[in-house]
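Quick note: the first sequence uses numbering that gives the first Met the number 0, first residue 0, plus one each step. Built from N, CA and C at the ideal position, the CB exists for glycine as well. All values reported here derive from a predicted model rather than from experimental measurement. Single-structure report; data block below.
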Amino acid sequence: MIDRIFDPASFEQTIYARWEREGAFRPARPDAKPFTIVIPPPNVTGSLHIGHALDNTLQDILIRWHRLNGRDARWVVGTDHAGIATQMVVERRLAEAQQPGRTAMGRDAFVAKVWEWKEESGGTITGQLRRLGASCDWAGERFTMDEGFNKAVLKVFVTLYNQGLLYRDKRLVNWDPKLKTAISDLEVETREVAGTFTHIRYPLADGALLDSGADHIIVATTRPETMLGDTAVAVNADDPRYASVIGKHVLLPITGRRIPIIADEHADPELGSGAVKITPAHDFNDWAVYERNKAIGYINILDAEASICAADGVPAAYVGLTREDARKRVVADLEAAGLIERIEQKTIQMPYGDRSGVVIEPWLTDQWYVNAAELAKDAIAAVQDGRTQFVPKTWEKTYFNWMENIQPWCVSRQLWWGHRIPAWQGPSMTLLEFGVPFDDRKQSDPPIFVAETEEDALKQAKAFYQANLEQKFEIAVSVDPVNPYTLRDKKLEIGLARDEDVLDTWFSSALWPFGTLGWPEQTTDLARHYPGDVLVTGFDIIFFWVARMMMQGLHFMGPERSDPKDRVPFHTVYCHGLVRDAKGQKMSKTKGNTVDPLILIDKYGADALRFTLTAMETQGRDIKLSESRIEGYRNFATKLWNAARFTQMNGIAGSTSPLPPAAAQPVNRWIIGEIKTTARALEQAIADLRFDAYADAIYRLVWSRFCDWYLELIKPLFAEGADEAVAAETRAVAGWALDQILVMLHPVMPFLTEELWHQLAIRDDLILAAWVATDALPEDAAASADIDWLIGLISEIRSARTEVNVPPSARLAFAVEGASPQTAARLAANAPALERLARIAPGETAAGGRLQLVHHEATFLIPLGDVIDLAAERTRLDKALAAAIKERDALAGRLSNPGFTEKAKPEAVEKAREDHDARSAEAQRLAAALGRLG
RNA sequence: GGACGCGUAGCUCAGUGGUAGAGCACUGUGUUGACAUCGCAGGGGUCGCAGGUUCAAUCCCUGCCGCGUCCACCA
Numbered sequence: 000m001i002d003r004i005f006d007p008a009s010f011e012q013t014i015y016a017r018w019e020r021e022g023a024f025r026p027a028r029p030d031a032k033p034f035t036i037v038i039p040p041p042n043v044t045g046s047l048h049i050g051h052a053l054d055n056t057l058q059d060i061l062i063r064w065h066r067l068n069g070r071d072a073r074w075v076v077g078t079d080h081a082g083i084a085t086q087m088v089v090e091r092r093l094a095e096a097q098q099p100g101r102t103a104m105g106r107d108a109f110v111a112k113v114w115e116w117k118e119e120s121g122g123t124i125t126g127q128l129r130r131l132g133a134s135c136d137w138a139g140e141r142f143t144m145d146e147g148f149n150k151a152v153l154k155v156f157v158t159l160y161n162q163g164l165l166y167r168d169k170r171l172v173n174w175d176p177k178l179k180t181a182i183s184d185l186e187v188e189t190r191e192v193a194g195t196f197t198h199i200r201y202p203l204a205d206g207a208l209l210d211s212g213a214d215h216i217i218v219a220t221t222r223p224e225t226m227l228g229d230t231a232v233a234v235n236a237d238d239p240r241y242a243s244v245i246g247k248h249v250l251l252p253i254t255g256r257r258i259p260i261i262a263d264e265h266a267d268p269e270l271g272s273g274a275v276k277i278t279p280a281h282d283f284n285d286w287a288v289y290e291r292n293k294a295i296g297y298i299n300i301l302d303a304e305a306s307i308c309a310a311d312g313v314p315a316a317y318v319g320l321t322r323e324d325a326r327k328r329v330v331a332d333l334e335a336a337g338l339i340e341r342i343e344q345k346t347i348q349m350p351y352g353d354r355s356g357v358v359i360e361p362w363l364t365d366q367w368y369v370n371a372a373e374l375a376k377d378a379i380a381a382v383q384d385g386r387t388q389f390v391p392k393t394w395e396k397t398y399f400n401w402m403e404n405i406q407p408w409c410v411s412r413q414l415w416w417g418h419r420i421p422a423w424q425g426p427s428m429t430l431l432e433f434g435v436p437f438d439d440r441k442q443s444d445p446p447i448f449v450a451e452t453e454e455d456a457l458k459q460a461k462a463f464y465q466a467n468l469e470q471k472f473e474i475a476v477s478v479d480p481v482n483p484y485t486l487r488d489k490k491l492e493i494g495l496a497r498d499e500d501v502l503d504t505w506f507s508s509a510l511w512p513f514g515t516l517g518w519p520e521q522t523t524d525l526a527r528h529y530p531g532d533v534l535v536t537g538f539d540i541i542f543f544w545v546a547r548m549m550m551q552g553l554h555f556m557g558p559e560r561s562d563p564k565d566r567v568p569f570h571t572v573y574c575h576g577l578v579r580d581a582k583g584q585k586m587s588k589t590k591g592n593t594v595d596p597l598i599l600i601d602k603y604g605a606d607a608l609r610f611t612l613t614a615m616e617t618q619g620r621d622i623k624l625s626e627s628r629i630e631g632y633r634n635f636a637t638k639l640w641n642a643a644r645f646t647q648m649n650g651i652a653g654s655t656s657p658l659p660p661a662a663a664q665p666v667n668r669w670i671i672g673e674i675k676t677t678a679r680a681l682e683q684a685i686a687d688l689r690f691d692a693y694a695d696a697i698y699r700l701v702w703s704r705f706c707d708w709y710l711e712l713i714k715p716l717f718a719e720g721a722d723e724a725v726a727a728e729t730r731a732v733a734g735w736a737l738d739q740i741l742v743m744l745h746p747v748m749p750f751l752t753e754e755l756w757h758q759l760a761i762r763d764d765l766i767l768a769a770w771v772a773t774d775a776l777p778e779d780a781a782a783s784a785d786i787d788w789l790i791g792l793i794s795e796i797r798s799a800r801t802e803v804n805v806p807p808s809a810r811l812a813f814a815v816e817g818a819s820p821q822t823a824a825r826l827a828a829n830a831p832a833l834e835r836l837a838r839i840a841p842g843e844t845a846a847g848g849r850l851q852l853v854h855h856e857a858t859f860l861i862p863l864g865d866v867i868d869l870a871a872e873r874t875r876l877d878k879a880l881a882a883a884i885k886e887r888d889a890l891a892g893r894l895s896n897p898g899f900t901e902k903a904k905p906e907a908v909e910k911a912r913e914d915h916d917a918r919s920a921e922a923q924r925l926a927a928a929l930g931r932l933g
């Protein structure tokens, strides 16, 4: 017996366990067409937030729907090692536990700690996905740092290197001085902060003067401390103010260095003084100036923590100051020297690290870069020609815009947690004292050997050095005098030192769609499940992840697939919005406005949360989540629960066939048609990826059709004394209809539907079995018309009763005037329903006060005797008449307009005529009723 | 500066070239057993503003206003 109380917590976890036990989520239909989704891998040590809940609910709906529809569905699941995030968590935990820090314990010990933490907390999020009901293929669970995945990463790195698409370069990177690692452009966020704009006078050297007579050039900066590293002042060649001093020098204050005045396009005469200080080592634009004017050189003045380091011209007193302290000191010293023109307070934009939250420093280092522009070509083409489609389509523009302007992707990170870069460095030739002339390569950097294994790297090294040396060589220490970061004092016992760095987490995530399936091995999984059908993700990681999967997927799977359509990692990218709080604020831990999906699940059930997110998921719009909405959908679940309870109490059981039982009763034929209509709408919603439409259609069917009308209308059909055959038919149809509802609702509310599926009948199979047999369902327009008529009549009677203040409990008689034979037949057939739902029964039409109700061609007369509220009845009829006349006249106006009758579609004209006539007749009947009212 | 999205009932949002919809909230009410986590009934909107296209515009086009997001840049 279905329990009186709907308590999702009492069955959700049991049901999930059963699904897993029975292997319900494993692909098990080798002959069927596969349907594949790869999960956006959550951080292995993370926990489920509301964005995950949305993302995974949508994926689960698609997976479950296609599984119901006979596809061999596979939801590839796993977790991401999340380099920076995870390393930061473990470091914080060590600090909290007052244990030795990362550097104190050393690399191996630290990495071991991270693995420990991964083992300890790695099950959290996968457990939470289970709570949500996600039907992932857990048997195939992967991790971005598992052995197989690591192989894929190494293979990709080496291949790209050998193809010249991945290289080492010395250039400015976004340096995070807190985490002490390079980060990519995408990991930098610009924030507006209050700042200052300092205008500084740079005295001209050698007595030179500007045409204006000034003996100095004014430059402005938001970062005065960087002047210590200036190597030039740039002016525009076309700027007459400075034409006479191009090629001359200024005396750089504080440092006493003479730096040249150069002409460069970077200087914009319109901005500021038209002259700009050039600090190549600490500003991206200035580095570009340097590349055009190499003679000016560059000077690095910052160490890895962004403190001032020893450098040419930097006074000893500055060394070791933080950039903030150095800024104050520079300003003070310039002030003392009378070189400050003025200082403006101003809102300035500063780059911040998205993880560390500190100001990012452009810093000169050696890093590994991927030639993203080259890889982007195929990735752009694949979206242009529709092999991969974004939904909503508007995101394609965003994708193209980014891809077409893509910069080299910095993939090395100075972290310890991640895929270590498979590159080995040999001794620098310039530091070797062999006394043997090298060939003309004049290589000054140490040679680098990239290979999947150390053995391969060694082989390469031997081949390389033997080609250049005839005798023994010794191992030296590599020292980069310019860039302290590359100071790597290593004991090179075998002559090679592996690169200390690890790869950007997104470098491995980019391989997810094929790395999870066994690549580089040619597995059957890979053949079957690449490409995926749909990728479901937030728009915020289109750049980070989607674009990179496109690039890597096409590059590595492309050559292996003959059909261009099979080269992309997925055919569709569904981008959903952000889940915001009820006020529309972005949720964040610091704001404290996050909602924990697990708490919501505990409170309302996973199904209610899922339904809410589904119903609110409209394409191209963020979700403002409010708890009252979840409550509403929990009520919906309760409603269905109770409806099932009702059927069970009335001897209605689950059906045995997806095909509907034979039905003669209009109400039964009608509900079969309603099921068919809804199933079609749901099929369309899935095809369009319209999740809100899916929720809406099933909600209406369950509540507004099945519960509100069908169950109410059939109650008399199996009441005591009812016809046995009719009762039997009705029970059969009702059971079947409820089954179809459970199936259709299952993708969104899997727990509840599975629970009821088994409560309603003894069945061996899970509800995952089969979708509605839509095509086989009959439609019966006549039955639908009958029931629509009945529903309309009951609604009108109820409304009229309320308006004239008839007590709900009053049972009334009615007579009918002008009824067609069809109406008479309908009235006879539905007498019990009218009795129950409208509380009217055929009777005498006594003269005097009576309610007059126009429904289609018939006027219903309902005597109320003295109790009728005549004024209310008059108001009601007046209102109805006014409405009918208004519409009639509007239609008449349209029909008398030749523009309409000649140009509008014939169907539209015909429809307008019919409506006009109907309204006109209705108005006449209402007028007559008013007349009789006196 | 470039691109995009959004302005529809008190709130959150669907929607359509021809009578404007839902949920929640609100008002009134409760006919005895599926359900008060409910039923029934009701009030509430010049569909941001101004033009244009059209027989007809909430819907298509243009401009404006307001809100938001992304990218780039500001020495």
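- Taking C-alpha positions only, A680 is separated from D687 by approximately 10 Å.
- Contact between E11 and F750 holds: CB atoms are separated by about 5 Å, below the 8 Å threshold.
- Non-local C-beta neighbours of I253 in its own chain, meaning closer than 6 Å and more than five positions away in sequence, comprise D332, ordered along the chain.
- In this structure, the alpha-carbon of M548 lies about 38 Å from that of T346.
- A distance of 9 Å or more separates the beta carbons of L852 and A814.
- M87 and I674 have their C-alpha atoms roughly 53 Å apart.
- Residue pairing of I260 in beta bridges, as defined by DSSP: V232.
- By the beta-carbon neighbour count (other beta carbons within 10 angstroms, threshold 16), V192 is exposed.
- Taking 9 Å as the cut-off, the Cβ atoms of T195 and I342 count as close.
- In this structure, the beta-carbon distance from A305 to P223 does not fall below 9 Å.
- The beta carbon of K112 sits closer than 8 Å to those of V89, L93, M104, all from its chain and outside the five residues before and after it, given in chain order.
- Taking a C-beta distance under 9 Å as the contact criterion, I867 and R918 do not qualify as a contact pair.
- Residue state for A809 is assigned as coil, using DSSP reduced to three classes.
- Under DSSP, L363 shares a beta bridge with L171.
- Straight-line measurement puts the Cα of N173 at about 23 Å from the Cα of R497.
- Under the 8 Å Cβ criterion, the segment 149-158 does not count as touching the segment 34-44, having fewer than three qualifying pairs.
- At the C-beta level, K276 and V318 stay beyond 9 Å of one another.
- Counting only the Cα atoms, Y368 lies some 17 Å from Q424.
- As computed with DSSP, E343 is found in a beta bridge with F196.
- A straight-line Cα-Cα distance of about 12 Å links V666 and A780.
- Inclusion of L178 and G352 in the CB contact set at 9 Å is warranted, their separation being smaller than that value.
- Within the DSSP secondary-structure output, I182 pairs in a beta bridge with N173.
- For V88, the uninterrupted alpha helix (DSSP H) run begins and ends at 82-95, by DSSP.
- Taking a contact as a CB-CB distance under 8 Å, the pair T536 and G82 does not count as one, their CB atoms being some 19 Å apart.
- One Cα belongs to I260, the other to H248, and the distance between them is close to 5 Å.
- T35 has R73 as its beta-bridge partners, per DSSP.
- Looking only at G604, T593, P530, the smallest Cα-Cα distance to H570 is reached by P530.
- The three-state secondary structure of R190, taken from DSSP, is strand.
- One Cα belongs to V594, the other to A8, and the distance between them is close to 19 Å.
- Where V572 is concerned, the enclosing beta strand (DSSP E) starts and stops at 569-575.
- With contacts defined by Cβ atoms closer than 9 Å, F690 and I60 form a contacting pair.
- Taking each of S561, D562, V567, R560 in turn and checking the Cα distance to M550, the smallest one comes out for V567.
- One thing to note: Y297 has its Cβ no nearer than 9 Å to the Cβ of G246.
- Restricting attention to A882, A181, E146, A775, the CA atom closest to the CA of T364 is found in A181.
- For S306, the pairing in a beta bridge is given by DSSP as T321.
- The residues S306, I307, R328, in chain order, have a CB closer than 7 Å to that of L320 in the same chain once the five nearest residues on each side in sequence are set aside.
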